[in-house]
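Engineer: First the structure, which I've put down as structure tokens, then a few questions once you've had a look.
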Amino acid sequence: MRGRYYLIGGRQYGGMFPGIRELSSRFPAEYARPGFSGKLPELLSLRFFGREALPELDVYERELFLISERFQKVLRLYEPRMVSKRLLLLKEEEKREYFVPILKEIPCLSEKSSRRLGGELEKGILIREKIPDLSLFRIPDHVVIRVDLAESLLKRGVDGFSLRALELA
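Position 44 of the sequence shown, counting from 1, maps to 1317 under my numbering, and the rest follow consecutively.
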């Protein structure tokens, strides 16, 4: 698919986002990949901690890539067959529902891409011919969104995320 692509991440804000307890033991990262999602129940509840109230974000990417219900509804318009798992985050009387989209990892990152010292992607270049017709997918350590889905999310008021442009080769 031709078009523009972005790295998508959670929007930064002033506080420290609460971590999720029990995440690695109850939801190993590999379970968020095709072929493994059947090992998880349809709804998983986890506790989160932190001094502040949990902010309303549309994308949470710290331990796992989670999306809000608003994001999920728009994603369904573009990827109706994509499997997602529901995740309920709990803290005392507060709760938030998120979804974990089961994303395919696509080997389309060019060797011309560059990384910073800590391994973070500094300049991302995707190989055009290897990009499938998906509006949301993984590359190593990142999630990629196609421009039409990103624009649709923004038009519908789903804006709790950040975008960083990728180049095409």
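Glycine included, each C-beta is placed from N, C-alpha and C at the ideal position.
Computed from a prediction, not measured in an experiment: that's the story for all the values here.
Just the C-alpha distance for Ser-1310 and Phe-1322, rounded to the nearest angstrom, thanks.
Structural biologist: Numbered from its first residue, the sequence shown carries residue 1310 at position 37. Numbered from its first residue, the sequence shown carries residue 1322 at position 49. So the alpha carbons of these two residues sit roughly 25 Å apart.
Engineer: For Gly-1282, which residues in the same chain have their Cβ closer than 7 Å to its Cβ, ignoring the five residues on either side in sequence?
Structural biologist: As a working mapping, residue 1282 is identified with position 9 in the sequence shown. The answer, listed in chain order, is Val-1332, Glu-1334, Phe-1434 and Ser-1435.
Engineer: Among Cys-1381, Leu-1407, Gly-1391 and Lys-1312, which has the Cα closest to the Cα of Pro-1353?
Structural biologist: The residue given as residue 1353 occupies position 80 in the sequence shown. Among Cys-1381, Leu-1407, Gly-1391 and Lys-1312, the Cα nearest to that of Pro-1353 belongs to Leu-1407.
Engineer: Taking the CB atoms as reference points, tell me whether Phe-1372 and Lys-1358 lie closer together than 8 Å.
Structural biologist: By one-based count along the sequence shown, residue 1372 stands at place 99. By one-based count along the sequence shown, residue 1358 stands at place 85. Closer than 8 Å, so yes.
Engineer: Please state whether DSSP places Glu-1303 in a helix, a strand or coil.
Structural biologist: Within the sequence shown, the letter at position 30 stands for residue 1303. Here Glu-1303 sits in helix by DSSP.
Engineer: Buried or exposed: which applies to Val-1356, given that a residue is buried once 16 or more other Cβ atoms fall within 10 Å of its Cβ?
Structural biologist: For the purposes of this step, residue 1356 is taken as the residue at position 83 of the sequence shown. Burial call: exposed.
Engineer: Give me the residue from Glu-1303, Ile-1400, Leu-1350 and Tyr-1279 with the minimum Cα distance to Ser-1425.
Structural biologist: As a working mapping, residue 1425 is identified with position 152 in the sequence shown. Considering only alpha carbons, the answer is Leu-1350.
Engineer: Could you check what DSSP says for Gly-1311 in three-state terms: helix, strand or coil?
Structural biologist: To locate residue 1311, count along the sequence shown from 1; it is residue 38. Helix.
Engineer: In chain order, what residues of the same chain lie with their CB nearer than 7 Å to the CB of Lys-1312, ignoring the 5 residues before and after it?
Structural biologist: Position 39 of the sequence shown, counted from the first residue, corresponds to residue 1312. Result list for Lys-1312: Tyr-1304, in chain order.
Engineer: Using only CA atoms, which one of Lys-1428, Ser-1341 and Leu-1409 lies nearest to Arg-1277?
Structural biologist: Counting from one through the sequence shown, the residue named residue 1277 turns up at place 4. With distances taken between Cα atoms, Arg-1277 lies closest to Leu-1409.
Engineer: In this structure, how does DSSP classify Phe-1322 when only helix, strand and coil are distinguished?
Structural biologist: Along the sequence shown, read from residue 1 onward, the residue named residue 1322 stands at position 49. Coil at Phe-1322, not helix or strand.
Engineer: Taking 7 Å as the limit between beta carbons, can you name the residues of its chain near Ser-1298, skipping five residues before and five after?
Structural biologist: The residue labelled residue 1298 in the question sits at position 25 within the sequence shown. Closer than 7 Å at the Cβ level, and outside the excluded window around Ser-1298, lies no residue.
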